Each structure stands twice: as C-alpha cells, then as structure tokens.
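For reference, the structure discussed in these notes is given below.
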Amino acid sequence: MARQQDKLDQAARAAWLYYVAGKNQNEVAEQLNVSRQVAQRLLASAVENGLVKVSVQHPVADCLELAAALQARFGLALCEVVPHDQDSPAELQHKLAVAGAQIFQRYLTQDKPMVVELGSGRTLKAIIDELPALDCPQHRLVSLIGTIAHDGSSNRYDVALPASQKTQSKYFLLPAPLYADSAEDRAQWCNHRLYRVVEQLAQQADVAFIGIGTIGEGCALQEDGFLEQQEIHALVAQNAVAEIIGRPIDSQGRLVQTNIQQRVTSLPLPCPPPRPVIAFAGGESKAAAILAVLRGQWLSGLVTDEACARQILDRSA
Numbered sequence: 386m387a388r389q390q391d392k393l394d395q396a397a398r399a400a401w402l403y404y405v406a407g408k409n410q411n412e413v414a415e416q417l418n419v420s421r422q423v424a425q426r427l428l429a430s431a432v433e434n435g436l437v438k439v440s441v442q443h444p445v446a447d448c449l450e451l452a453a454a455l456q457a458r459f460g461l462a463l464c465e466v467v468p469h470d471q472d473s474p475a476e477l478q479h480k481l482a483v484a485g486a487q488i489f490q491r492y493l494t495q496d497k498p499m500v501v502e503l504g505s506g507r508t509l510k511a512i513i514d515e516l517p518a519l520d521c522p523q524h525r526l527v528s529l530i531g532t533i534a535h536d537g538s539s540n541r542y543d544v545a546l547p548a549s550q551k552t553q554s555k556y557f558l559l560p561a562p563l564y565a566d567s568a569e570d571r572a573q574w575c576n577h578r579l580y581r582v583v584e585q586l587a588q589q590a591d592v593a594f595i596g597i598g599t600i601g602e603g604c605a606l607q608e609d610g611f612l613e614q615q616e617i618h619a620l621v622a623q624n625a626v627a628e629i630i631g632r633p634i635d636s637q638g639r640l641v642q643t644n645i646q647q648r649v650t651s652l653p654l655p656c657p658p659p660r661p662v663i664a665f666a667g668g669e670s671k672a673a674a675i676l677a678v679l680r681g682q683w684l685s686g687l688v689t690d691e692a693c694a695r696q697i698l699d700r701s702a
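What follows is the structure, given as structure tokens:
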C-alpha cells in the first residue's frame, strides 16, 4: 500500500509539473530525476488514476505550490514539501525521511567522487534508515558536528557512520564534543591535528545535509543533555529560536553572540552557502526555527511538510 501511494504521489508531481506548471516532458523528467520514458509513464498513470481533471486532484499539488512559493520567497534552489494529513510525529518523520532519502540518492548515485557533509539529529537518522543499500565507495562522508556526547559517550544521533555502512563510503568523524567546556577548551579541541584533517576535507565539500533544531524549554539540546536548562533560558532571553549543527540562531537568522556560541566545535557553514546546503525539518513546532534559518540565508534547499510550510509563508508575509 505504501509503495502504491508513493507511485501516486510521484505521478501527481509529474502531472502538476506538466499540466499546471507548463513543463514539457523532458523538463518533467529532469526535475524528477527520472528518464523521459518514466516521466511519460507517470503522466499516463496520473490520467488513468483520475488525478488529472481541470487541475491535479491530489494533495501533492498543494505541496508543489507551497514548495514553489518557498523557493521564490527565500531564493532556494531546491524545495520539497510533503503532505501533512493530521499525521502523528512518527508518521510525519517517516514522510520526511522518504523524501530525504530520495534527495540523498540523487547525489550519492553520481559516479563523480564527492565530499558530503552531514549534520546530525533524529530526522537525518531517519533518512539514513530509509536509504537503501548503495555501492558508492568513491564518496567521502564528513561529520559537521562533534561525535562525542556531553557525558563522553558517542553521539547517538551522528549519521556519518550509519550512512557509511549503507553506502560503502569512507567516513570522517569530527573528534570533538558538540560543546567544549570553555572557549579555551574549544581552541584545544579545534587545534588538534585530526580535527584539522577533517576540517580541511570539509572545505572541499560538494553538498551538506543538515537538520534544524529549536531553542526552548525541553528542546533536543536540553533533552539530550548537551545544554542545561539555565543555558537554554539564557539563549531564549537573547532571542534564540533555532540551532543548526549546534549553533544558536536568533529570529532574524543571525548567530547569537553568547558564551555557548564560543564553545561550539562544529565545522563552519558559510552564509550564504557557496555549495548546496539542504536542510530536512518539519512539524508546526519548528516553523519559527526554520523561518529564522531561511531569513539568515543559511540554506540553498529545504525539505519540510505542508502545515509547516504554510506557517512559514504566513509568518513571513
């Protein structure tokens, strides 16, 4: 049933691009990353299944319109919006993971050797879980974020190792905690030879895949033990609403200048990005955080959900 629904979703995308957006079959094939023959079959399937009438009768059509609006408003090169039909958090994460895995595959199945930067988090981990086994030993995967958790254990949401296992690619872990104990301690971690090796490799990156977190009471950084409650309260007092790879960001998309910022060991993400930086995040509770990151021009691509996309567009109107 899930596979049949995915086929209908893809057919609806093709139909919207062809009948509503006015793309020709070659353009439809290019945008969906399929052959022209597959694009023709998708269009035929859309007609056969009654998706094409005067307009495309499918929720994906609304999603494509929302994606186009987000692209235009925030200058994104890529945007995908998945349907959101009163889904549970687990169901929504699965939808984001399926869409994310398709984007991962577009890059990882290229023959050209690539350096791929990876953030961490629950959504990215779900994407890797959804990714099929691939044979891509030519690529190198680089963790953007420290692999050592607050208590000295391995960061359980780091995705470079499981991604490497799925793709047979070589992976490089960042040998540092997410937050050092102090700015001086951070300097020691970041000046280590192995850290420098990973940092230099990351400068050659072709694409980065990241998540977006919220800043607030009970957020993931607090729940997972990276920051204490009083530190979260201090960040909120400074208008922090989001974080990417552990870096607190305010509602206008600026880095929050705080002691915590000075302790982050994550590799830098240039802003605006000179290479594709694609974020995967959804849920209405993340709308403010995603909007902040978009306002700051940290991204070139976004995968989110229908309800969240509507909130972002409403708040930025």
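Residue numbering for the sequence shown follows the numbering used here, beginning at 386 and increasing consecutively. Every residue gets a Cβ at the ideal spot worked out from N, C-alpha and C, and that includes glycine. A quick note: this is a predicted structure, and the numbers were derived from the prediction, not measured.
In the DSSP assignment, T689 forms a beta bridge with V466.
For L417, the enclosing alpha helix (DSSP H) stretches over residues Q410 to L417. By the Cβ rule, the segment 397-404 counts as touching the segment 446-458, because three or more pairs are nearer than 8 Å.
With distances taken between CA atoms, M499 lies nearest to V592 out of Q637, A672, A605 and V592.
A direct Cα-Cα distance of roughly 12 Å separates L428 from K408. Inter-residue distance for I513 and L481 is about 11 Å (C-alpha atoms, whole angstroms).
In the three-state reduction of the DSSP assignment, Y556 falls in the strand class. When DSSP reads this structure, P562 sits in a beta bridge with I533.
D609 sits in coil when the DSSP states are folded into three classes, being neither helix nor strand. The C-alpha of S505 lies about 6 Å from the C-alpha of V544.
Residue state for V405 is assigned as helix, using DSSP reduced to three classes.
Here DSSP, grouped into helix, strand and coil, assigns D635 to strand. The way I'd put it, the segment 616-629 doesn't touch the segment 544-555; fewer than three beta-carbon pairs between them come closer than 8 Å.
For V641, the three-state secondary structure derived from DSSP is coil. It is roughly 31 Å from the alpha-carbon of E602 to the alpha-carbon of Q456. About 7 Å separates the beta carbons of L461 and L684, which is inside the 8 Å limit, making them a contact pair. Counting along the chain, the unbroken alpha helix (DSSP H) around G485 starts and ends at P474 to L493. Measuring C-alpha to C-alpha distances from A568 to each of Q425, L676, R426 and I645 identifies I645 as the nearest. Distance from the Cα of E515 is smallest, within the candidate group Q573, E691 and I488, for I488. The beta carbon of P522 is closer than 7 Å to those of Q553 and S554 in its chain, skipping five residues each way along the sequence. Shortest Cα-Cα distance from L563 to any of E608, S670, I595 and L612 involves L612.
Between the C-alpha atoms of Q471 and V678 there is a straight-line separation of about 25 Å. Membership of I629 in the beta strand (DSSP E) is indicated by the continuous run A625 to I629. Here DSSP, grouped into helix, strand and coil, assigns T650 to coil. According to DSSP, residue pairing for R525 in a beta bridge involves V500 and K555.
Residue pairing by DSSP places V678 opposite no residue, since no beta bridge is assigned to it. Nearest in C-alpha terms to Y556, of all of L529, R541 and R578, is L529.
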